[in-house]
Amino acid sequence: LSVVRAGSRLRSVAATRQNQHSSRSHAVLVLTVEQRLREGTERLGKLTLVDLAGSEKVSKSECVGETLEEAKKINWSLTALGKVIDSLAEQRPHVPYRDSRLTRVLEEALGGNCRTTLLVAVSACSQHYDETLSSLRFATRAKKVRNHAKVNYVYSSDQLLQLVAQLQSDLARARRQITSCA
Numbered sequence: 001l002s003v004v005r006a007g008s009r010l011r012s013v014a015a016t017r018q019n020q021h022s023s024r025s026h027a028v029l030v031l032t033v034e035q036r037l038r039e040g041t042e043r044l045g046k047l048t049l050v051d052l053a054g055s056e057k058v059s060k061s062e063c064v065g066e067t068l069e070e071a072k073k074i075n076w077s078l079t080a081l082g083k084v085i086d087s088l089a090e091q092r093p094h095v096p097y098r099d100s101r102l103t104r105v106l107e108e109a110l111g112g113n114c115r116t117t118l119l120v121a122v123s124a125c126s127q128h129y130d131e132t133l134s135s136l137r138f139a140t141r142a143k144k145v146r147n148h149a150k151v152n153y154v155y156s157s158d159q160l161l162q163l164v165a166q167l168q169s170d171l172a173r174a175r176r177q178i179t180s181c182a
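The numbering of the sequence shown is full-length UniProt numbering, which starts it at 1 and goes up by one.
Here is the structure:
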């Protein structure tokens with residue numbers, strides 16, 4: 001928990017016309033869990049929590065100077081994330097993870113061996129209608145992404161040698177059956 005607090009303190013926040021406490025950066029927390037099973041196998045898990053900076057229309061937020069540059073970078077990374085989500089949802093052969101640092105960091109959490117849940121915060125206020133609609137459209141696209149997660153195991157050297165021996169035995173048996181049928 002102390003790591004989360006430290007990260008939160010370091011997060012860039014600035015006032016804009018739209019939001020007094022606008023986060024000017026994305027936050028990513030990755031927790032890795034290793035479970036050692038009795039027979040020597042390890043089961044691995046990873047939890048990635050992401051808090052994205054909100055996209056703001058520069059004309060509405062009236063950003064200038066450094067805040068304007070931050071807004072441009074935030075909007076660029078969110079656009080890149082949208083392209084990745086679209087590519088994954090449409091199962092395209094190429095997913096543009098390398099278009100931004102954010103999408104590179106989230107590659108495994110978005111298109112890897114994982115389950116992903118997306119929470120979208122929106123405003124009921126009519127002045128934020130465009131941003132709310134944009135967020136809901138993004139969520140609708142993200143909902144179309146399908147991953148097939150499986151449990152990750154790490155085996156010991158002895159276990160791998162046993163597996164190789166078993167597979168070699170199975171292969172030899174299959175070859176004998178093929179030879180006897182021919």
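For each residue, glycine too, the CB sits at the ideal point set by N, CA and C.
Exercise. In this structure, does DSSP put Gly112 in helix, strand or coil?
Worked result: If DSSP states are grouped into helix, strand and coil, Gly112 belongs with coil.
Exercise. With burial defined as no fewer than 16 other Cβ atoms inside 10 Å of the residue's Cβ, what is the status of Gly112: buried or exposed?
Worked result: By the 10 Å Cβ count, Gly112 comes out exposed.
Problem set entry | Backbone CA spacing between Ala142 and Thr48 [nearest angstrom] | Straight-line Cα distance between these residues: approximately 16 Å.
Exercise. Among the residues of its own chain, which have a CB less than 6 Å from the CB of Val33, if the five just before and after it don't count?
Worked result: Cβ within range, chain order: Gly45.
Exercise. Looking only at DSSP bridge pairs, what is Arg43 linked to?
Worked result: BP columns for Arg43 point to Gln35, Tyr153.
Exercise. Between the Cα of Val145 and the Cα atoms of Val154, Glu107, Tyr129, which residue gives the shortest distance?
Worked result: With distances taken between Cα atoms, Val145 lies closest to Glu107.
Exercise. Do Arg115 and Ala149 have their C-beta atoms within less than 8 Å of each other?
Worked result: The Cβ-Cβ distance between Arg115 and Ala149 falls below 8 Å.
Exercise. With DSSP run on the structure shown, which of helix, strand or coil describes Leu1?
Worked result: In the three-state DSSP reduction, Leu1 falls in the coil class, being neither helix nor strand.
Exercise. Can you name, in chain order, every residue of its own chain whose Cβ lies under 6 Å from the Cβ of Leu31, other than the five neighbours on each side?
Worked result: The residues are Leu47.
Problem set entry | Bridge partners - Val50, DSSP secondary structure assignment | Bridge partners of Val50: Val28.
Exercise. Is the beta carbon of Val151 less than 8 Å from the beta carbon of Arg43?
Worked result: Yes; because the gap between Cβ atoms is below 8 Å, this pair is in contact.
Exercise. Assuming residue 183 contacts Ala71 under a Cβ cut-off of 8 Å, what Cβ separation, rounded to an integer in Å, is found between them?
Worked result: Since the first and last residues shown for the chain are 1 and 182, residue 183 lies out of range.
Exercise. Would Asp99 pass as a contact of Lys83 if the rule is Cβ separation under 8 Å?
Worked result: Yes, they are a contact pair.
For this session: Excluding the 5 residues preceding and the 5 following Asp158 in the sequence, name in chain order all residues of the same chain whose CB lies nearer than 8 Å to its CB.
Result: Result list for Asp158: Gly40, in chain order.
Problem set entry | Cβ-Cβ separation, Leu81 to Thr117 (assumed contact under 8 Å), whole Å | The C-beta distance from Thr117 to Leu81 rounds to 16 Å, too long to fall under 8 Å, and the pair is not in contact.
For this session: Could you pull the start and end residues of the alpha helix (DSSP H) that Lys72 belongs to?
Result: 65-89 is the span of the alpha helix (DSSP H), which, as asked, contains Lys72.
For this session: May I have the straight-line CA-CA distance separating Thr179 from Ser169, to the nearest angstrom?
Result: One alpha carbon belongs to Thr179, the other to Ser169, and they sit about 15 Å apart.
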